[in-house]
Every structure is written in structure tokens, then in C-alpha cells.
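Note that the UniProt record's numbering has the sequence shown beginning at 1, numbered continuously upward. Structure first, then comments.
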Amino acid sequence: LRRRVAAAEASASQHAVAAAAAVESLAQADATIKSLLFQLGVERAALAATVRMHTHATREAAVAAEEERQLVLAQARAAEALATERLQALAMEEAKGEALSSSLADADAVSAELASALADALDACVAHRQQIASERRARSLASVRASAAQAASEERLLLLLQSQRERLAANALELAEARKQAAVATARPELEAPWLAPPPSATSAEEEEKGMTAEVMAAAEARLRSEMAIQWREEWVSALAHSM
1 LRRRVAAAEA
11 SASQHAVAAA
21 AAVESLAQAD
31 ATIKSLLFQL
41 GVERAALAAT
51 VRMHTHATRE
61 AAVAAEEERQ
71 LVLAQARAAE
81 ALATERLQAL
91 AMEEAKGEAL
101 SSSLADADAV
111 SAELASALAD
121 ALDACVAHRQ
131 QIASERRARS
141 LASVRASAAQ
151 AASEERLLLL
161 LQSQRERLAA
171 NALELAEARK
181 QAAVATARPE
191 LEAPWLAPPP
201 SATSAEEEEK
211 GMTAEVMAAA
221 EARLRSEMAI
231 QWREEWVSAL
241 AHSM
């Protein structure tokens, strides 16, 4: 029995030692758990701060991204509006270019018509000038012929007048001699009085010839003025054609 009691006491002592060791282990475990819990609290607080910081940063990044997206969208809309405006301007410019091309084509057609009309007008002016020149030569030739014929006619008329004056003068002398003889024969001196006009003197003949010469010169001057007027008109027409 003693042995059993001693063994039980020894076993109880061992169990007490084991229990004390277990209690000490539990205390150490409790301390370790408390340390771990404190460390976990610190890490949890740090993690919560990090999470809050990351959350704030994420929100700021999201806001910045949204603002950037809105800015990019606004820039894209502005670029699209500018592109649309430029496309409209290009369309208007293209329409203006087409209208200008059409106007230029019409202007080219009108220019071609004007060039053709001008060429026809120049040909007509040249033909008219040639016709005027031929008419002027014909008029000059006719004028020269008329002047020559008039001069010949005037010369013949002067010769005829001179011969008639000579015949009248001879007849007057014969009549005066006959009247003188009759007055002497009949003793009637009144029969000798002149009853005919005296023959024209040489001075009056020269004056008449000068008057006819002046008329011829006046006619020649008028003809020369007419030819100068025709020539001036031809030169004016030629200058007008060159200016056109």
C-alpha cells in the first residue's frame, strides 16, 4: 500500500510538475498570442491605413481618369467639329472651284467668240480699208480726169472767148470806120457816136481769167480737203481696229 501511495504521490508529483509546465506553457502561449494579437492589430491598422490610402489614391485616380476621359472626349468632339467644319469649308471651296471652272469655261468660250468676232472685224476693217483705198484712188483718178477735162474745157472756153472778143473788136472797128465814113459822107457827125459798148479791155480779161483761176484753185482746195478728210477717216478706222 505504501508503495502504491508512494507511486501515486510520485505520479501526482509528476502530474503537478507536468501541470505546472503546462500552465507555464499556456502562459507563454497566452503571452505569445497577446503579442501576436498586438502585432496583428498593428498590422491591421497599417493595412487599414494602406487600404484607405490606396482607396483614396484609387478614387483620385478614378476622378483624374474620368476628368482625362472627359477632356479627351471634349477634345475629340472639338476635333470632330473642326473636321466637320473643315469638310464643309472644303465642300464650299470645291463648289466655288467648280463654279469658277464653269465661269472660266464660259469666259474661254466668250473669249473665243470675241477673238473670232475680232478677227472677222479686222478682216472686215482690212477689206473696208482696201475698198476705201480703191475708192479713193478711183475718186482721185476721176477727180484728176474731171480736173483735166475741166481745165481743157476752160482752156477751150478761154480760147473761144478770146476769139469772140477779137472778132467783136474787129467788127466794132469796122462798124466805127463805116459810121465814120457815113458821117463824113452825109455830114451828120451824130452817126459817129458809139452805140455799142466798147470791147472789154485787157485788164478786165485778165481779171476774169484770174477769177476763173481762183475758182479752179478753190475747187482743187475743196477736193484736197475732201481727200484729206477721207484719209483721216481711214487712219482713224485703222487705229480703232488696232486698239480693238
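All C-beta atoms in this analysis are idealised placements derived from N, C-alpha and C, irrespective of residue type, glycine included.
Check, Outcome
"Per-residue burial, T203 [other beta carbons within 10 Å of its own, 16 or more giving buried]", "Residue placement at T203 cannot be trusted, given a pLDDT of 49 that sits under 50; what the coordinates show is reported in the next sentence. Exposed, because fewer than 16 other Cβ atoms sit within 10 Å of the Cβ of T203."
"Own chain residues within Cβ distance below 6 angstroms of L70, not counting five before or after", "In the sequence as displayed, the identity of residue 70 is Gln instead of Leu. Contacts found: none."
"Nearest-angstrom Cα separation, counted from R139 out to L160", "30 angstroms"
"Cut-off 6 angstroms between Cβ atoms - residues of its own chain near A27, not counting five sequence neighbours on either side", "none"
"Inter-residue spacing [alpha-carbon to alpha-carbon] between A18 and L40", "31 angstroms"
"Distance, R59 Cα to S80 Cα", "Here the sequence assigns Glu to residue 80, which means Ser is not the residue at that position. If you take the alpha carbons of E80 and R59, they lie about 30 angstroms apart."
"P194 burial status per 10 Å Cβ neighbour count (16 or more: buried)", "Because P194 sits at a pLDDT of 48, beneath the cut-off of 50, its placement in the model cannot be relied upon, and the following sentence gives the value as read from the coordinates. By the neighbour-count rule (16 or more Cβ atoms within 10 Å), P194 is not buried but exposed."
"Sequence-distant residues of its chain with Cβ nearer than 6 angstroms to A205 (five each side left out)", "Caution applies to A205, whose pLDDT of 48 falls short of 50 and renders its modelled position unreliable; the value that the coordinates give is listed next. Correct list: empty, nothing qualifies."
"Reduced DSSP secondary structure (H/G/I, E/B, other) of P198", "Any reading at P198 must be qualified, since the residue scores a pLDDT of 47, below 50, and its modelled position is unreliable; no value is offered."
"Collapsed DSSP secondary structure at A12 in the structure displayed", "helix"
"CA-to-CA distance, S35 to A21, given in whole angstroms", "20 angstroms"
"Distance between H15 and R4 (C-alpha atoms, nearest Å)", "16 angstroms"
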